[in-house]
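According to numbering that gives the first Met the number 0, the stretch in the sequence shown is residues 0 to 244, in order.
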Amino acid sequence: MIESGFISRWMVAGAVLGSLLPAAVVRADGLYVDQVYDPYVQPMEKEFEYLGVYPVDDNHELDGAQMHLLSAGMSLNDRWYAELGVEGEAGEAGAGFEWSAAEAEVKWQLTEQGEYAFDWGLLFELEVEREMHAREFSTSVIVLREWQRWVGTLNAGLVYEWGNDINNEWETQLASQLRYRWSRALEPALELYLAENSRSLGPVLTGRVRFGGGRSLRWETGVLLGLDGETPDTNWKLLLEYEFY
């Protein structure tokens, strides 16, 4: 059995980091529900990814403000991974859908899996808005710790926003996940996201379906509950990653 102290220490660490971070403005000062990245790069891997977030709230300005992200990526070698994507948004319920931004990300695996007590990586992201002169560049430290069947992951990032239509400023961001490896097909988890205008916490289920020939589909779905008045009460999340070699 896992020591209960491991779980409590990990969650306390996330809470402490969250309280120290002024939090991030991500996606144009909007809702911050993303994914928690691991630090690993698989050689020769290629991937298509979809991420969708659907908020539900009594406030009509927050209710139904969907976010959809489509991207494609590949590993450059056994340490570097690159991805390009486009993001679409819909306003309040019933409003039209439109592509809102393009983004690029690069992940750098710093240590071998299991080489040290913690596995480390770096994530670099650039986002360019379509209809306004606004840019955002972020660098995130990825740290992962395994303990028997438990996996704890933290993404702590520094963000710089600039452009003619926004104030140039520095921000920070935090995403964390505590996951239990129940089986390869199903792993329950708890995720936390903190941002200047968005704070949420909730349960997530994730798993992987293998098709043979080096092809697999990783899925992740859950509901993040808003922790403050600026975050929608309920945020449904779906992540699909089709991976092949």
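Here a beta-carbon is modelled for each residue, glycine too, at the ideal position from N, C-alpha and C.
These numbers come from a predicted model, not from an experiment.
- Contact check for residue 202 against residue 54 fails: the beta carbons are separated by 7 Å or more.
- Shown here, residue 110 sits in coil according to DSSP, grouped into three states, outside any helix or strand.
- Boundaries of the beta strand (DSSP E) harbouring residue 172: 168-179, taken from the DSSP string.
- The three-state reading of DSSP puts residue 73 in strand, counting E and B together.
- Excluding its 5 nearest sequence neighbours in each direction, residue 110 has C-beta neighbours in its own chain below 6 Å: 118 and 119, listed in chain order.
- At the C-beta level, residue 225 and residue 199 come within 7 Å of one another.
- The Cβ atoms of residue 38 and residue 74 do not sit closer than 7 Å to each other.
- Here DSSP, grouped into helix, strand and coil, assigns residue 118 to strand.
- Listed in chain order, the non-local C-beta contacts of residue 112 below 7 Å within the same chain comprise 39 and 118, local neighbours out to five positions each way being set aside.
- The three-state secondary structure of residue 160, taken from DSSP, is strand.
- Between the C-alpha atoms of residue 36 and residue 108 there is a straight-line separation of about 11 Å.
- Counting C-beta atoms within 10 angstroms of its own C-beta, residue 114 has fewer than 16 neighbours from the protein chains shown and is therefore classed as exposed.
- The DSSP assignment places no complete run of the alpha helix (DSSP H) inside the region 182-234 (cut-off: 4 residues).
- The region 49-64 makes no contact with the region 96-107, as fewer than three CB pairs between them are under 8 Å.
- In the three-state reduction of the DSSP assignment, residue 125 falls in the strand class.
- For residue 54, the enclosing beta strand (DSSP E) covers residues 45-55.
- Around the beta carbon of residue 126, 16 or more other beta carbons lie within 10 angstroms, which makes this residue buried.
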